[in-house]
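Asks: The structure follows.
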Amino acid sequence: MFVPSVTHPIGDFVRDLVPRVAEFLPTSLQSETLNSISAFLINAIICVVAVCAVNIGSAPILIYMERKVCAHIQCRLGPMRLGWHGTIQTVADVIKMLFKEVYAPSGADKLMFYLAPLIVLIAPFIVCALIPFGRNLVVADVSMGIPLIIAVNGFGVLGILLGGWSSNNKYSLLGALRSGAQMISYEISFAMILLFVVMISGSTNLMSITLGQEGTIFDWWIFKIPVLGIIAFILFFISSTAEMNRAPFDIAEAEQELTGGYHTEYNGTPFAMFYLAEYIALVTNSALATTCFLGGFLPPCIGIAFVDNYLNMVPGVVWFFAKVYFMIWCYMMVRWTFVRPRVDQLMDFEWKFLLPVNLVLLVAGAAYIAIGG
Amino acid sequence: MFPNLSIPGLQMPDLPFAFPMGGMDLAFYAVAIVMLITAVFTVAVKNILQSAVFLIFSFVATAILYMLLHAEFIALAQVMVYVGGVVIFVVFTILLTSRLGEDAFTTKIPRVFAAFALSIAFVFVMVKCILPTPEIASGTVSAATDYSSLENISLRLLGYDVSGFIIPFEVVSVLLLMTLICAITVARRSKDEMEPNPKEVK
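Chains D and U, in that order, are what the protein sequence lines are.
At the far end of the first sequence sits residue 581, using this note's numbering, and the numbering has no gaps.
At the far end of the second sequence sits residue 203, using this note's numbering, and the numbering has no gaps.
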């Protein structure tokens, strides 16, 4: 019987351990096939738990961080009462949200109303499974990582559209249609930047994209290609902000105009799921930026052997999360600094500026590879 | 693994396919059942948006089938093209359909009859063509391991030797460029339709 197995330290450990534990079972339950199947299932459960832990565990941290960053930008203190510097505030909020009653507005399409939050969560979870957190820490090391990311991003738009339509509310529908138009447009330049990364690194596998940046800090893709790397990084930053529907590109929610956009009618757990999807998208997009431009889990070596030895001692996961949280901090600073553009300005920016610049960047990158690389 | 259940004297008629006994086979049947159920729901559900969503899940199941056949690129293209395409379809249904969600489709009986006749004929032809082929049950994979990887597909697609497809590829890209330019030309406002510039009015 065919049971898939990939060589990996944790997976090999489980595959070694299972036959030893199985010796204590009655003889009728001992067989090679059963052992390999149960080892496979245990490995699969480990992978699922790891993805869920990174995703769901980071959401409360991000909510707390967003409140604090927002407060300090506006010269406030933020949550201070519950726990040390308000650390328990997020837990209280999460518990409050989970214990609320869940109901749909009258006249809503119930099936679509409850399906939409589930569909929104598909893309962030799949993308998170592809990202290498360390040399051996990647759930799915597939050869076509970047095309898969581009492919599953379509589910986010679908979930938001369905949620907005099925709420039976004009504000929700307007927000959903705005967000549909915005995300479909910005997805193009998002994919173009990823294509640029694929072109310069010569691979669509996220692990080999990361390992291609091995060396000093100047071997990271953001610095390796003289000016183009920094331009590509800034363009990625802009288009991923729009892709996530975060401010300043949050015309889909626009509290002042649309009273909250596509999730106006949601409450309790479904609303928490929309919220969760937004924050996981923040983590996965920051992780993607880290992997593609900032060297992933590689330490920022500077070429001096004495310093590099100490930097290499820190495990890759720590570097990875340090870079990811730095990126998240950048996204949050942008959110609370810039003002929201109008719908037509947003569309003009994408189609008349971002997309042509991306095309020129692709051609320039190809020229750089043909001549210099 | 399973106890022997055969009864002496009772001989089952020999089926032209082997009993599913592997991870791949079980995965195939699981995915196929999901695909069939969602496909039936796509045509049975009365609401046009719900049927679009079921169509997406059916397409995703098809993509998983491609994945089981080791055709990863086709699977990804399936998800990319159809999920994106159906999303656009959803946008247009919301924008263009009035009283969405209330109306149920009613089709006249001859059309239902024609649909049934067509699908039964299709099933008959498929069974007639597939069943006599003995290799389907016992066949093994003959292609190279990474025959359908992205690298091999793109090298083949852009190759300019005898086995390459560079000319059709370029023709298709020029065609797509033409459609793009045509769409912009149609959507563009002509000069006399333009709103007057506020500066000129003043």
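The beta carbon of each residue, even a glycine, is placed where N, CA and C say it ideally should be.
Below 8 Å, how does it come out for the stretch 509-520 of chain D and the stretch 466-473 of chain D: are there three or more Cβ pairs, yes or no?
Replies: Counting Cβ pairs under 8 Å, fewer than three are found: no touch.
Asks: Note down the Cα distance separating I408 (chain D) from L490 (chain D), rounded to an integer number of angstroms.
Replies: Rounded to whole angstroms, I408 (chain D) to L490 (chain D) spans 25 Å at the Cα level.
Asks: Is it the case that the Cβ atoms of I218 (chain D) and I254 (chain D) are separated by a distance below 8 Å?
Replies: The answer is yes: Cβ separation under 8 Å.
Asks: Between S351 (chain D) and S150 (chain U), how many whole angstroms is the CB-CB distance? I'm expecting something under 8 Å.
Replies: The pair is a contact, with the Cβ atoms about 6 Å apart (cut-off 8 Å).
Asks: Between the stretch 538-554 of chain D and the stretch 274-282 of chain D, do three or more beta carbon pairs fall short of 8 Å?
Replies: Yes: at least three Cβ pairs fall under 8 Å.
Asks: Between the stretch 351-372 of chain D and chain U, which residues of the former have CB atoms less than 8 Å from a CB of the latter, in chain order?
Replies: Residues S351, M352, P355, L356, I358, A359, V360, G362, F363, V365, L366, L369 and L370.
Asks: Taking the alpha helix (DSSP H) that F248 (chain D) belongs to, which residues open and close that run?
Replies: Here the alpha helix (DSSP H) through F248 (chain D) covers E240 to I281.
Asks: Measure the C-alpha to C-alpha separation of E201 (chain U) and V551 (chain D) and round it to an integer number of angstroms.
Replies: Any reading at E201 (chain U) needs caution, since the residue's pLDDT is 49, under 50, leaving its predicted position unreliable; the model's value is listed next. Answer to the nearest angstrom: the Cα atoms are 25 Å apart.
Asks: Whether or not the stretch 118-133 of chain U and the stretch 47-61 of chain U are in contact is what I'm after, with contact meaning three or more pairs of Cβ atoms, one per stretch, closer than 8 Å; do they touch?
Replies: Output reads no: the stretch 118-133 of chain U does not touch the stretch 47-61 of chain U.
Asks: Which chain U residues are close to M415 (chain D), counting only those with a beta carbon under 7 Å from its beta carbon?
Replies: Ordered by position in chain U, no residue passes the 7 Å Cβ test against M415 (chain D), which lies about 15 Å from the chain.
Asks: Name the residues in the stretch 32-61 of chain U whose C-beta lies less than 8 Å from a C-beta of chain B; which are they?
Replies: You won't find chain B in this structure, because its protein chains are D and U.
Asks: Taking the alpha carbon of S246 (chain D) as the point to measure from, which residue in D:P478, D:L225, D:E309 and D:V256 has its own alpha carbon closest?
Replies: For the residues D:P478, D:L225, D:E309 and D:V256, the minimum Cα distance to S246 (chain D) belongs to D:L225.
Asks: Just verifying my parser: in three-state terms, what is the DSSP assignment at S52 (chain U)?
Replies: In the structure shown, S52 (chain U) sits in a helix (DSSP, three-state: H, G or I).
Asks: May I have the straight-line CA-CA distance separating N361 (chain D) from L554 (chain D), to the nearest angstrom?
Replies: Answer to the nearest angstrom: the Cα atoms are 20 Å apart.
Asks: Looking at the unbroken alpha helix (DSSP H) that takes in D224 (chain D), where does it start and where does it end?
Replies: P217 to A230 is the span of the alpha helix (DSSP H), which, as asked, contains D224 (chain D).
Asks: Do you know offhand how far M179 (chain U)'s Cα is from T186 (chain U)'s?
Replies: Cα to Cα, the separation comes out at about 10 Å.
Asks: Which bits of chain D does E73 (chain U) rub up against, with CB to CB less than 8 Å?
Replies: Simply V350, S351 and M352.
Asks: Please report the straight-line C-alpha distance between P611 (chain D) and G371 (chain D), rounded to a whole angstrom.
Replies: Absent from the structure is residue 611 (chain D), since the part of chain D shown begins at 209 and ends at 581.
Asks: Output, in chain order, the set of chain D residues within a Cβ distance shorter than 7 Å of L77 (chain U).
Replies: Result: M352, P355, L356 and A359.
Asks: Identify whether P478 (chain D) lies in helix, strand or coil by the three-state DSSP scheme.
Replies: In the structure shown, P478 (chain D) sits in a helix (DSSP, three-state: H, G or I).
Asks: Does any CB atom of chain D fall closer than 8 Å to the CB of M81 (chain U)?
Replies: Yes, M81 (chain U) lies at the interface with chain D (some Cβ there is under 8 Å from its Cβ).
Asks: In chain order, what are the residue ranges of uninterrupted alpha helix (DSSP H) at least 4 long that sit wholly in the stretch 426-514 of chain D?
Replies: 429-432, 436-451, 463-466 and 476-501, all fully within the stretch 426-514 of chain D.
Asks: Can you pull the chain D residues whose beta carbon is under 7 Å from the beta carbon of G85 (chain U), in chain order?
Replies: Within 7 Å Cβ-Cβ: G362.
Asks: Return the residue from the list D:P478, D:R223, D:G503 and D:V515 that minimises the CA-CA distance to A312 (chain D).
Replies: For A312 (chain D), the nearest C-alpha among the options comes from D:P478.
Asks: Does the Cβ of D556 (chain D) have 16 or more other Cβ atoms within 10 Å, making it buried, or fewer, making it exposed?
Replies: By the 10 Å Cβ count, D556 (chain D) comes out exposed.
Asks: When we look at the beta-carbon of Q589 (chain D) and count the other beta-carbons within 10 Å, is it buried (16 or more) or exposed?
Replies: Nothing about residue 589 (chain D) can be reported from this structure: the residues present for chain D run from 209 to 581 only.
Asks: With 8 Å set as the bound, which would you pick, yes or no: does the beta-carbon of I95 (chain U) sit closer than that to a beta-carbon of chain D?
Replies: Taking Cβ atoms only, chain D reaches closer than 8 Å to I95 (chain U), which makes this a yes.
Asks: Hey, does L66 (chain U) have any beta-carbon neighbour from chain D nearer than 8 Å?
Replies: Not closer than 8 Å to any Cβ of chain D, the Cβ of L66 (chain U) fails to qualify, so no.
Asks: Cβ closer than 8 Å: which chain U residues qualify as neighbours of L233 (chain D)?
Replies: What L233 (chain D) touches in chain U: nothing, since even the nearest Cβ is about 16 Å away.
Asks: Measuring alpha carbon to alpha carbon, tell me which of D:K308, D:V277, D:Y272 and D:R548 ends up nearest S291 (chain D).
Replies: Going by the sequence as given, residue 291 (chain D) is Gly instead of Ser. Nearest C-alpha to G291 (chain D): D:Y272.
Asks: Cα separation between L385 (chain D) and K129 (chain U)?
Replies: Their backbone Cα atoms lie some 48 Å apart in a straight line.
Asks: With a threshold of 8 Å between beta-carbons, can V175 (chain U) be considered close to chain D, or not?
Replies: Not one chain D Cβ lies under 8 Å of V175 (chain U).
Asks: What does the Cβ neighbour count give for Q238 (chain D), buried or exposed, with the cut at 16 atoms within 10 Å?
Replies: The residue in question, Q238 (chain D), is exposed, as its Cβ has fewer than 16 Cβ neighbours within 10 Å.
Asks: Please work out which residues of its chain come closer than 7 Å, Cβ to Cβ, to K203 (chain U), disregarding the five sequence neighbours upstream and downstream, and give them in chain order.
Replies: For K203 (chain U), the predicted model reports a pLDDT of 44, less than 50, meaning its position is unreliable; a value from the coordinates is still stated below. Closer than 7 Å at the Cβ level, and outside the excluded window around K203 (chain U), lies no residue.
Asks: Please state whether DSSP places H293 (chain D) in a helix, a strand or coil.
Replies: If DSSP states are grouped into helix, strand and coil, H293 (chain D) belongs with the helices.
Asks: So, is C509 (chain D) buried or exposed, given that buried needs 16 or more other C-beta atoms within 10 angstroms?
Replies: That one is buried.
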